[in-house]
Structures are given as structure tokens and as C-alpha cells.
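These notes are about the structure you will find just below.
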Amino acid sequence: MTTKELINRIASQSGMTKSHTEELLSTTVAILQKELLQGKCVQLSNFGTLETKRKSAREVVHPKTKERTLVPEKLQLSFKASTSVKDQLKNA
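Right under this line is the structure:
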């Protein structure tokens, strides 16, 4: 599903205009990004939890050349589905 498809579906199901729905969605995404970049956890009831995890620097070895390379530390986005979503996926 694309962003445009999501906006259309939310607008049709909620009765809001597409422009208002687009503004609401972009504001929501901006708030989520800000919270995650501050290292906070975002819990969405009956959906799941978004959080950032720091992945430490590590050394990797190229399988053919055996060359060693250092991969720098980075932030990684993590999502854990709620139990209700997991149950729905099992029964789908």
C-alpha cells in the first residue's frame, strides 16, 4: 500500500477530506520520527511498538577476498508486533 492509497482509504472510512487526512498523516509521521530520533519508544495499542536500537560497530569479512572491513555503529529501527496482530496473522 502506498501513502496515497492509505490517505484515500483513511479519508473514505473516516469522512475527512483527503487534504485534511494527508496533513494529519504527515504530522503523525513527523511526530513519530522526532520521538524515535530522541531515543523514545512509540507504542501503538493493538498494533505494536516502534523503537530505535543502537547497533554497535563490528568487523566483517568478505567471503571471497577475506578482506576485513569495519562497519560503523548505527541506529536501527525495530518493530515488535502486538499480540493481537500476531494472533490475527496466525489465523489469516
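Just add 108 to wherever you are in the sequence shown, counting from 1, and you've got our numbering.
Yeah, the Cβ is synthetic: ideal placement off N, Cα and C, and Gly gets one too.
Nothing here was measured: the structure is a model prediction, and the numbers come from that model.
Simplified DSSP state of residue i, which is helix, strand or coil
i             : result
alanine 200   : coil
alanine 189   : strand
glutamate 167 : strand
threonine 111 : helix
glutamine 121 : helix
threonine 177 : strand
Distance, residue j Cα to residue i Cα
i              : j             : result
asparagine 154 : leucine 114   : 18 Å
lysine 174     : arginine 166  : 15 Å
serine 127     : valine 137    : 15 Å
threonine 110  : leucine 158   : 20 Å
glutamine 121  : threonine 129 : 11 Å
histidine 170  : leucine 140   : 36 Å
Beta-bridge pairing of residue i - partner residues as DSSP gives them
i             : result
threonine 160 : Leu185
Distance between beta carbons of residue j and residue i, contact taken as under 8 Å
i          : j          : result
serine 186 : lysine 148 : With 8 Å as the limit, serine 186 and lysine 148 do not qualify as a contact, their Cβ atoms being about 13 Å apart.
Near the ligand GTP: residue i beta-carbon under 8 Å from a heavy atom
i           : result
glycine 156 : With respect to the ligand GTP, the structure offers nothing, as it holds no ligand at all.
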